[in-house]
Amino acid sequence: MTKTAAIEYADKGIRVNAICPEAIETLGLTEGEFGQFLDQYRANQPIKRFGKPEEVANAALWLSSDEASLITGDSFPTDGGLTAK
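According to the working numbering, the sequence shown holds residues 13 to 97 in order.
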């Protein structure tokens, strides 16, 4: 869907990208009933921590900035390197 929309709207100056967050440190995650899963996830995470909401927001800000004006039709995992494993 991202690639299709990027091609469809590129000539109108509209860029379309996808941000793909993994586990993000929010109350829903940390105060939920995930317990053992959280420790196991953190142990498998290359950076050994959960992402923060502002880190995902920073990715969105950068992608919407002029510095990323040539980028469209791509997906950006914000997962601390998990998908790189």
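By construction, the Cβ of each residue, glycine as well, lies at the ideal position given by its N, Cα and C atoms.
Determine the closest residue to residue i out of the options, with distance taken between C-alpha atoms.
i   : options       : result
A71 : P58, R61, D86 : D86
Y53 : E66, D91, P65 : D91
P58 : K97, V28, A69 : K97
K60 : G93, M13, E67 : G93
Where does residue i land, buried or exposed, given buried means 16+ other C-beta within 10 angstroms?
i   : result
N56 : exposed
A69 : exposed
G63 : buried
Once the 5 residues before and after residue i are set aside, which same chain residues still bring their CB inside 8 Å of it?
i   : result
F88 : N29, A30, I31, C32, A71, L75
T38 : P65
Under 6 Å Cβ to Cβ from residue i, same chain only, skipping five residues before and after it: list those, please.
i   : result
R27 : T84
Notebook entry, point to check: Is the stretch 42-50 touching the stretch 13-24 in the sense that three or more CB pairs, one from each, lie closer than 8 Å?
Noted result: Here the stretch 13-24 makes no contact with the stretch 42-50; the two share fewer than three CB pairs at distances below 8 Å.
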